[in-house]
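Written out as structure tokens, the structure is:
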């Protein structure tokens, strides 16, 4: 069987392991994408969120076979973008990052939300981030930060 | 290690017939189960399974359609949209599919409840033949499906008629990322002042979604006044008939919610 | 807003935002050639048993089985008492107790070996019911006044019982620890933790070595909330023993289910209160507090102390008698969790006061207001509220924001229809810092400031950043006092090899206590500052002069130097068909003194407040008749999402504390503590008040609500 090809953060890569392997584990162990966090391995916390072809997924609930020829973006890739810079500033201004464990996933969820809806209202932001648990912030600062980023980054999304 | 990632249904069915494989649609249930030693048949590239269409009678939802995709489609009935909009959270709705929701065999599956209440049919395909089965016949018992080892669920056929008059409620443990603890869907159509059709389905309370067509008959052909008089007896009939499985949340609680919602459905719709 | 309160970009913002921070699970594994072995714990499957034997299969090369026989020193994890073993002794006392650990390079093989090990248990009858449990780890009693007289003369005597359940900290990063043998024989242990010196003390004793033989480093830590106060000492000793045996780095990171089932949680409780009322005033309170400690004592002593001190609430009642005990059951040991025993007792007293008021037919808030303690009043332990008590002002501020009094009156009218509303208010304090003389007699905090020749200043302290912002706020204090730009001051994750013991990261003490030491150290440094020179100053804890010495034997004196205060209002709507309760609004007013950073403090308040709402409503955890925790996953134990309390408004009331830096007091725990009382009062009002439905436990779930409504139907 041929190696499994996919694009990771803009680079073509070939994975030689099993199609059953969990994307979360592969990203962390084989490709050193340590920003992808394991919070539960059950699709219930969003800490392992990644973008596949621009769409948000929990990487713990994706087997490698499902990503053949697709494009995966983790925080390692997203942090190099202009959109990240806007979100970064907005999160910094709200001090929306506490322990940080949920943040890479949360920010990718924000990116997915803003890509689909560049001008969300508060309710839509809360919906867009609803699969990403955060135990530190109570969410208010994060929700405000995403709203501010949408305003600041007008035109980027 | 072999890898099955077919791009056509024909190819998928051939592999399904020849190999011992587990169909993998969205992965959201399978990856949590994390079964050892299985071979997945990845269906996410089979575009034939990802279509939403309609004919004179049915809205046809491909088994590989994701919940997110359905929410964007003008063809998918509002009742179904409302139910899938309450599933988990965006990332799960992006991955989860109608076929997967059925194939997992859980009575908590939110789209399956709607398929029960709308008398949906499933188109089941294999390399050798194709057949159509009613959704309630497809579920033979707890996690037991009428699906042969060479078959795949291809399409869900939802009858279009009368879906606007619906009632839906999902009770989860919280407002997002919640598995149903009780879910209820009802449809009630009237014609010439009489009840033409009534359907009531209960999710997450037993081994399969529950629907009792025999009890429903009590109200068919009745006027609002007649139905109003029969209402308490009707609800009592459900209370006597429904047998709930035990769970983290007590059966007594779930049963009383079922009865309360059934009553509210009747109060609003009759 | 004062200058110090103005928000800055947090020091740890950038690496965390970009996913560059290295948590303990992020170091590369043996598979990637870095030689770290994976350790997995062999947990007891039964709640109480004698271990007759453990059959370990033949291990492949490079794999090890580690247990108590491998411990060079004491098989005791040093927490408060010496009862918790590293690896079990001849019995196991709860499901999940560590019997041993399997260690090796490939985690899948480790799993397989683990599944092949056979443990021969001689099962013993476990104690699981808190109501019939007899063995008390700790028993306390205190009081003052003449209880007999007060009860004899009372117009009314009330008696009620209140119950609270488990709460799991649910930090997003599970427990994880790594130990690495170093050249020269010392052991380097690092991981997710709140208290490097607690871990240091524990590992040193287990490895039987000198203080220099061990050094502990706090990795970036993904949340603690108390859950990483004591448990890391347990896990650290386990991996250290394994690393010693394998003579290689060993890391053990819990999966979510392990973490939820086997690590410490908030103590379930039963509080009974008897109250004497004369002429419309409560004249005596007799409080009896029982905590479920679990199988080992760990931190239960101190949790219970804080709990019973808070038992009479924020009220000045002349006659008080309080008893408390922490009972042993064969369940996971409970431990520290934000609030530390006080949420349980405040819940009881707040509900009690509300119920008495309802019975007397007076407005609940007015009744509480009539009993509020004021400055110079005695505390429950005959100490003194030395500083102004701002609760009345804070109540009025909350009223203004949410129209509390008007809504309370409106919702008390009979309601019909599917949806019914209620609102409730609670008022609480949080004693800032360690209880009693702990700071002076046990912790004896030391901090240093190290100035480099280039003018940068490094803070040397042992308090860990766990998301609460201490790496930023400490720096702000020092930069402010030295008049330096914030970039010139830095505070890295602490390493016992480099920093003095400024105490643990607990008890809302870091900023108030250690922050003040840093402020004073900064003044010292400022006075001797010489450009271009490397300089160092040290500062040690001094107890404020005004304090009335606290006696732990008698529970007498100032248990705390000062108090942070909170007034919470919660407004709900109950769906009578499903029992589901929607929080329409949650309003929290918090006095933590001067905020050291507005955003950081608000982040603490909002995060804690939402945790409190979860605790009161949806966070249900219980064990079955075998002693096994049933709610061991994120789908079974639900914490709030973005969509559960969209309308949560926090505000700050500032009552400065002269002995805290720029007037700051303890903050972290405060926002959680008062929520259960406000929440349940609101639900009870929506159901028609305590004469119809007397509610007395949290979490109060949809199922509980519907059960109450079904009683009505019958």
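Chains as they are written, first to last, in the working numbering: chain A, 1394 to 1550; chain B, 5 to 274; chain C, 195 to 908. Positions of the beta carbon are idealized from the N, C-alpha and C atoms, including for glycine.
Might you give, ordered along the chain, the residues of its own chain that have their beta carbon closer than 6 Å to the beta carbon of residue 857 of chain C, omitting 5 neighbours on each side?
Closer than 6 Å at the Cβ level, and outside the excluded window around residue 857 of chain C, lie 787, 788, 850 and 851.
Based on the DSSP secondary-structure assignment, which residues constitute the bridge partners of residue 621 of chain C?
Paired residues: C:761.
When you check each C-beta in the region 295 to 310 of chain C against every C-beta of chain B, which residues fall closer than 9 Å?
Those residues of the region 295 to 310 of chain C that come within reach of chain B (Cβ to Cβ, closer than 9 Å) do not exist; the list is empty.
Let me check one thing: in DSSP terms, what residues is residue 138 of chain B bridge-paired to?
DSSP, once it has assigned bridges, lists B:125 as partnering residue 138 of chain B.
According to DSSP, is residue 1404 of chain A helix, strand or coil?
Reduced to three states, the DSSP call for residue 1404 of chain A is strand.
Establish whether the CB of residue 105 of chain B and some CB of chain A are separated by less than 7 Å.
Cβ-Cβ to chain A under 7 Å: no for residue 105 of chain B.
So what does DSSP say about residue 77 of chain B, is it helix, strand or coil?
Residue state, collapsed to three classes: coil.
Applying the criterion that 16 or more other CB atoms from any shown protein chain within 10 Å of the CB defines a buried residue, is residue 646 of chain C buried or exposed?
Residue 646 of chain C should be labelled exposed.
Take residue 678 of chain C and list the residues in its own chain whose beta-carbon comes closer than 8 Å to its own, dropping the five residues that flank it on each side.
For residue 678 of chain C, where only same-chain residues beyond five positions count, the Cβ hits under 8 Å are 649, 651 and 672.
Is the region 1478 to 1498 of chain A touching the region 34 to 48 of chain B, taking contact as three or more C-beta pairs under 8 Å?
Contact fails: fewer than three Cβ-Cβ distances are below 8 Å.
Relative to the C-alpha of residue 593 of chain C, which residue among C:427, C:654, C:666 and C:618 is closest?
The residue with the shortest Cα to Cα distance from residue 593 of chain C is C:618.
Leaving out five residues on either side along the sequence, give the residues of the same chain with a beta carbon under 7 Å from the beta carbon of residue 1512 of chain A.
Here the set comprises 1543.
Can you tell me which of the three DSSP states residue 276 of chain B falls into?
Since the displayed chain B opens at 5 and closes at 274, residue 276 of chain B lies outside it and no answer follows.
Would residue 461 of chain C be called buried (16 or more neighbouring beta carbons within 10 Å of its own) or exposed?
Residue 461 of chain C is buried by the Cβ-count criterion.
Inspect the beta-carbon positions of residue 119 of chain B and residue 137 of chain B and report whether they are closer than 7 Å.
No. Outside cutoff.
Mind checking which residues open and close the alpha helix (DSSP H) that includes residue 870 of chain C?
Residues 869 to 880.
Grouping DSSP H, G and I as helix and E and B as strand, with all else coil, what is residue 285 of chain C?
Strand, per DSSP.
Tell me the rounded alpha-carbon separation between residue 282 of chain C and residue 383 of chain C.
Taking the straight line from one Cα to the other gives about 21 Å.
Excluding the five sequence neighbours on either side, which residues of its own chain have a C-beta within less than 7 Å of the C-beta of residue 324 of chain C, listed in chain order?
Cβ within range, chain order: 462, 464, 484, 486, 521 and 523.
List, in chain order, every chain A residue whose beta-carbon is nearer than 9 Å to that of residue 449 of chain C.
Those within 9 Å of residue 449 of chain C in chain A are 1431, 1433 and 1434.
Going by beta carbon distance, what residues of the same chain come within less than 6 Å of residue 855 of chain C, once the five residues before and after it are set aside?
Counting only Cβ-Cβ distances below 6 Å, and skipping sequence neighbours, we find 671, 709, 710 and 713.
For residue 500 of chain C, count the other beta carbons within 10 Å of its own beta carbon; 16 or more makes it buried, fewer makes it exposed. Which is it?
That one is buried.
If I follow the unbroken beta strand (DSSP E) through residue 574 of chain C, where does it start and stop?
Element bounds for residue 574 of chain C: n/a, residue is neither H nor E.
So with Cβ pairs under 7 Å, would you call residue 837 of chain C a contact of chain B?
Chain B, which has a Cβ nearer than 7 Å to the Cβ of residue 837 of chain C, makes this yes.
Determine contact between the region 179 to 197 of chain B and the region 249 to 264 of chain B, defined as no fewer than three beta-carbon pairs at a distance below 8 Å.
Because the criterion of three Cβ pairs below 8 Å is met, the region 179 to 197 of chain B and the region 249 to 264 of chain B touch.
Are the CB atoms of residue 205 of chain C and residue 666 of chain C nearer to each other than 7 Å?
The answer is yes: Cβ separation under 7 Å.
Please confirm whether residue 862 of chain C and residue 702 of chain C have their CB atoms less than 7 Å apart.
Yes, they are a contact pair.
Check the Cβ of residue 1442 of chain A against every Cβ in chain E and list those closer than 7 Å, keeping chain order.
You won't find chain E in this structure, because its protein chains are A, B and C.
Since residue 1449 of chain A meets chain B, which of its residues come closer than 7 Å, beta carbon to beta carbon?
Under the 7 Å cutoff, chain B gives 94, 95 and 98.
Of all the CB atoms in chain C, is at least one closer than 7 Å to the CB of residue 1493 of chain A?
Yes, because at least one Cβ of chain C sits closer than 7 Å to the Cβ of residue 1493 of chain A.
So what's residue 148 of chain B in DSSP terms, helix, strand or just coil?
In this structure, residue 148 of chain B counts as strand in the three-state DSSP scheme.
Using the C-alpha atoms, what's the distance from residue 766 of chain C back to residue 877 of chain C?
For residue 877 of chain C and residue 766 of chain C, the distance between alpha carbons rounds to 7 Å.
I need the boundaries of the beta strand (DSSP E) containing residue 111 of chain B, first residue and last residue.
Counting along the chain, residue 111 of chain B falls outside any beta strand (DSSP E), and DSSP gives it neither H nor E.
Here's the rule: buried if 16 or more other CB atoms are within 10 angstroms of the residue's CB, otherwise exposed. What is residue 392 of chain C?
By the 10 Å Cβ count, residue 392 of chain C comes out buried.
Can you confirm whether the region 347 to 355 of chain C touches the region 397 to 408 of chain C when touching is taken to mean that 3 or more C-beta pairs between the two stretches lie within less than 8 Å?
Short answer: they don't touch.
Check whether the Cβ atoms of residue 1456 of chain A and residue 103 of chain B sit closer than 7 Å, and answer yes or no.
No, they are not a contact pair.
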